[in-house]
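> Sequence positions in the sequence shown follow our numbering and run 10 to 420.
In this text, a Cβ means the ideal position worked out from N, Cα and C, and glycines have one as well.
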Amino acid sequence: MIDEKDFFREVTLRICGSPEIEKALWDCLMYIRDYIPADEIFLNVYEPSTGTCETIVRADIHGGEMVSIKTTFPAEIVRIIDARIHGRERRELVVVADRVGEHPIMSPFAEVVKNQNAAVIVIGPNPEWRRFGGIVIANHGDEKYTEEHARLFFHLSEPFGIAFVNYMRYREVLRLKDILADDNRYLQEELRRESGEEIVGSNYGLRHVMELSRQIAPLLSPVLLLGETGTGKEVIANAIHNLSPRRTGPLIKVNCGAIPESLMDSELFGHEKGAFTGALFQKRGRFERAHTGTIFLDEIGELTPGAQVRLLRVIQEKKIERVGGTEEIPLDIRIIAATHRDLESMMREGRFREDLYFRLRVFPIIIPPLRERLGDIPGLVQHFMTKRARENGPGRHSDPRARRHRQAHQL
Numbered sequence: 010m011i012d013e014k015d016f017f018r019e020v021t022l023r024i025c026g027s028p029e030i031e032k033a034l035w036d037c038l039m040y041i042r043d044y045i046p047a048d049e050i051f052l053n054v055y056e057p058s059t060g061t062c063e064t065i066v067r068a069d070i071h072g073g074e075m076v077s078i079k080t081t082f083p084a085e086i087v088r089i090i091d092a093r094i095h096g097r098e099r100r101e102l103v104v105v106a107d108r109v110g111e112h113p114i115m116s117p118f119a120e121v122v123k124n125q126n127a128a129v130i131v132i133g134p135n136p137e138w139r140r141f142g143g144i145v146i147a148n149h150g151d152e153k154y155t156e157e158h159a160r161l162f163f164h165l166s167e168p169f170g171i172a173f174v175n176y177m178r179y180r181e182v183l184r185l186k187d188i189l190a191d192d193n194r195y196l197q198e199e200l201r202r203e204s205g206e207e208i209v210g211s212n213y214g215l216r217h218v219m220e221l222s223r224q225i226a227p228l229l230s231p232v233l234l235l236g237e238t239g240t241g242k243e244v245i246a247n248a249i250h251n252l253s254p255r256r257t258g259p260l261i262k263v264n265c266g267a268i269p270e271s272l273m274d275s276e277l278f279g280h281e282k283g284a285f286t287g288a289l290f291q292k293r294g295r296f297e298r299a300h301t302g303t304i305f306l307d308e309i310g311e312l313t314p315g316a317q318v319r320l321l322r323v324i325q326e327k328k329i330e331r332v333g334g335t336e337e338i339p340l341d342i343r344i345i346a347a348t349h350r351d352l353e354s355m356m357r358e359g360r361f362r363e364d365l366y367f368r369l370r371v372f373p374i375i376i377p378p379l380r381e382r383l384g385d386i387p388g389l390v391q392h393f394m395t396k397r398a399r400e401n402g403p404g405r406h407s408d409p410r411a412r413r414h415r416q417a418h419q420l
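1. Exposed or buried, which one is arginine 180 when buried takes at least 16 other CB atoms within 10 Å?
2. Please identify the residue among Glu29, Val371 and Arg343 whose C-alpha is closest to the C-alpha of leucine 183.
3. Can you tell me whether DSSP reads cysteine 62 as helix, strand or coil?
4. Can you find the residues in the same chain that come closer than 7 angstroms, C-beta to C-beta, to proline 227, ignoring five residues on each side of it along the sequence?
5. In chain order, what residues of the same chain have a beta carbon less than 6 angstroms from the beta carbon of histidine 164, not counting five sequence neighbours either side?
6. Check each candidate in Lys123, Asn124, Val20 and Tyr44 and name the one with the smallest Cα separation from glutamate 167.
7. Just verifying my parser: in three-state terms, what is the DSSP assignment at phenylalanine 82?
8. Using a threshold of 8 angstroms, state whether the C-beta atoms of arginine 331 and glycine 302 are closer than that.
9. Decide yes or no for the touch test of the region 233–249 against the region 273–292: beta carbon pairs closer than 8 angstroms, at least 3 of them.
10. If you run the structure through DSSP and keep just helix, strand and coil, what is valine 20?
11. Can you tell me whether asparagine 247 is helix, strand or coil according to DSSP?
12. Could you round the C-beta distance between glutamate 49 and alanine 119 to whole angstroms and report it? I think they count as a contact, below 8 angstroms.
13. So, isoleucine 329 versus phenylalanine 305, is the Cβ gap smaller than 8 angstroms?
14. Tell me which residues share the same chain as isoleucine 268 and place their Cβ nearer than 7 angstroms to its Cβ, disregarding the 5 neighbours each side in the sequence.
15. Between lysine 8 and the rest of its own chain, which residues show a CB-CB distance below 7 angstroms, the 5 nearest in sequence each way excluded?
16. Keeping to the same chain, check which residues put their C-beta closer than 6 angstroms to that of valine 263; ignore five residues upstream and five downstream.
17. If the criterion is Cβ atoms closer than 8 angstroms, does the pair glycine 266 and glutamate 308 meet it?
18. Between which two residues does the alpha helix (DSSP H) harbouring phenylalanine 162 extend?
19. Please classify asparagine 175: does DSSP put it in a helix, a strand, or coil?
20. Of the choices Ala316, Leu233 and Asn247, whose alpha-carbon is the least far from that of serine 271?
21. Excluding the 5 residues preceding and the 5 following leucine 369 in the sequence, name in chain order all residues of the same chain whose CB lies nearer than 6 angstroms to its CB.
22. For the beta strand (DSSP E) that contains alanine 299, what are its first and last residues?
23. Starting from proline 373 and walking both ways along the beta strand (DSSP E), at which residues does that stretch end?
24. Any idea what DSSP makes of phenylalanine 290, helix, strand or coil?
25. Could you tell me whether the Cβ atoms of arginine 357 and glycine 310 are closer together than 8 angstroms?
26. Go ahead and pull the three-state DSSP assignment for leucine 260.
27. Considering only the alpha carbon of each residue, which of Val174, Gln325, Glu326 and Gly287 lies closest to tyrosine 55?
28. Mapping the DSSP letters down to three states, classify tyrosine 44 as helix, strand or coil.
29. Compare the beta carbon distance of asparagine 126 and glycine 143 with 8 angstroms and say whether it is the shorter of the two.
30. Using 8 angstroms as the threshold, is the C-beta distance between valine 105 and alanine 159 below it?
31. Enumerate in chain order the residues of its own chain whose CB-to-CB distance from asparagine 124 is below 6 angstroms, with the five nearest sequence positions on each side excluded.
32. Keeping to the same chain, check which residues put their C-beta closer than 8 angstroms to that of valine 76; ignore five residues upstream and five downstream.
33. Is it the case that the Cβ atoms of phenylalanine 169 and leucine 52 are separated by a distance below 8 angstroms?
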């Protein structure tokens with residue numbers, strides 16, 4: 010005769026005895042086998058909004074492993090589960106099936122157990138444990154489960170629920186740690202690339218540009234920066250972001266012309282683990298990184314037609330999907346785009362989408378080239394001399410005759 014208190018205590022010690030839940034589950038299985046016929050055990054996550062149950066850990070006599078096996082329940086089963094979770098009785102769903110593949114409720118688990126004839130005991134979602142999808146134990150032999158087996162196994166719901174909650178919290182900590190490390194690497198690269206840019210000419214040739222930037226910075230609408238290469242479009246984008254209410258959020262920069270077409274979706278929208286060969290980890294894209302901040306799309310005119318379509322969808326729906334994923338991720342971002350190309354000509358030639366152009370061109374800012382703002386040359390010269398002096402030694406001043414010569418030169 011089994012002592013149920015000893016049984017409960019021993020299982021609790023095993024399931025809570027290791028931070029690696031797959032090892033703890035295997036240890037439990039090996040102990041449970043002495044009292045309940047069991048070849049496999051599974052731990053599940055239930056998502057009520059979609060009626061899906063994901064098996065996240067499994068163990069058999071050879072060991073435990075992390076898995077991701079999703080089971081979609083028919084609507085009638087979802088209603089039964091929801092009634093148990095949210096109804097007046099609010100109790101767990103306990104089901105015993107002699108042949109899982111033939112059972113009217115538990116047949117979807119045949120895909121998980123991979124044996125239509127296996128006997129199973131299922132303890133369904135627990136109302137007390139958020140998202141706990143319950144546990145499944147399976148026997149592939151001829152012995153069938155009895156009510157005594159089910160009653161004994163039911164005692165394990167609470168320790169398994171505690172272990173599940175602890176594991177989900179641990180997994181969330183690891184996820185946030187990965188995000189933090191990922192963001193830190195990205196920002197360190199940005200810091201190495203930039204060195205405290207300032208806008209030289211904001212009181213002279215770029216005065217009108219800066220006035221426009223200050224006016225539109227508080228708004229959330231897209232901005233399109235137009236100007237030749239080297240006119241300082243990225244610096245103006247920095248200024249707009251830093252003057253905006255989003256300045257405490259990230260400013261993520263994308264050179265659209267430097268990303269190969271084959272990598273465009275992964276870079277912009279991210280990908281799930283296993284989405285393609287070499288996708289060993291989940292990766293967040295540039296848009297997802299820019300959430301609550303600003304994304305700067307430089308060289309927007311270099312986007313291929315396919316990339317233009319996908320960008321338009323993001324602007325319209327404010328959602329993305331990672332490559333290989335099905336979950337829609339909402340975005341709260343501001344878009345600043347820039348180009349040196351004549352987008353109107355490209356639009357007439359069919360090389361740039363008209364709808365995308367007008368989505369981006371809500372607030373256009375034209376940045377004049379240096380030849381149209383010669384008064385900025387002395388300030389630029391002094392800026393670069395001061396910067397070089399800080400790096401290499403005492404400062405020098407520019408000769409007035411040299412300044413006049415530079416201003417007279419046709420750029």
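Inspection of the coordinates gives the following:
1. Answer is exposed; the Cβ neighbour count stays below 16.
2. Ranked by how close their Cα comes to the Cα of leucine 183, the residues Glu29, Val371 and Arg343 have Glu29 in first place.
3. DSSP places cysteine 62 in the strand class (E or B) of the three-state scheme.
4. Same-chain partners within the cutoff: Ser253 and Pro254.
5. Within the same chain, histidine 164 has close Cβ partners Phe17.
6. The residue with the shortest Cα to Cα distance from glutamate 167 is Val20.
7. Of the three classes helix, strand and coil, the one that applies to phenylalanine 82 here is coil, per DSSP.
8. Taking a C-beta distance under 8 angstroms as the contact criterion, arginine 331 and glycine 302 do not qualify as a contact pair.
9. No, the region 233–249 is not in contact with the region 273–292.
10. Look at valine 20 here: in three-state DSSP terms it is helix.
11. Residue state, collapsed to three classes: helix.
12. Contact check for glutamate 49 and alanine 119: beta-carbon distance about 13 angstroms, past the 8 angstroms limit, so the pair fails to qualify.
13. Against a cut-off of 8 angstroms, the Cβ pair of phenylalanine 305 and isoleucine 329 comes out as no contact.
14. In the same chain as isoleucine 268, and ignoring 5 residues on each side of it, the C-beta atoms closer than 7 angstroms to its own belong to Glu276, in chain order.
15. Because residue 8 is not part of the residues shown, which for the chain are 10 to 420, the question remains open.
16. Once the five neighbours on either side are set aside, the close Cβ partners of valine 263 are Arg295 and Leu306.
17. Yes, the Cβ-Cβ distance between glycine 266 and glutamate 308 is below 8 angstroms.
18. Start and end: 156–163.
19. Residue state for asparagine 175 is assigned as helix, using DSSP reduced to three classes.
20. Nearest option by C-alpha distance: Ala316.
21. Around leucine 369: Pro231, Leu233 and Ala346.
22. Note, alanine 299: premise wrong, no beta strand (DSSP E); not H, not E.
23. For proline 373, the uninterrupted beta strand (DSSP E) run begins and ends at 372–375, by DSSP.
24. The answer is coil: DSSP assigns phenylalanine 290 none of H, G, I, E or B.
25. Between arginine 357 and glycine 310, the gap from beta carbon to beta carbon reaches 8 angstroms or more.
26. Strand, per DSSP.
27. Taking each of Val174, Gln325, Glu326 and Gly287 in turn and checking the Cα distance to tyrosine 55, the smallest one comes out for Val174.
28. Looking at tyrosine 44 - three-state DSSP - the assignment turns out to be coil, as it is neither helix nor strand.
29. Contact flag unset, no.
30. Yes. Within cutoff.
31. Excluding sequence neighbours, asparagine 124 sits near His149.
32. Its chain contains Thr64, Ile65, Val66 and Arg67 as the residues whose beta carbon lies nearer than 8 angstroms to that of valine 76, once the 5 sequence neighbours on both sides are disregarded; these appear in chain order.
33. Yes, these two residues count as a Cβ contact at 8 angstroms.
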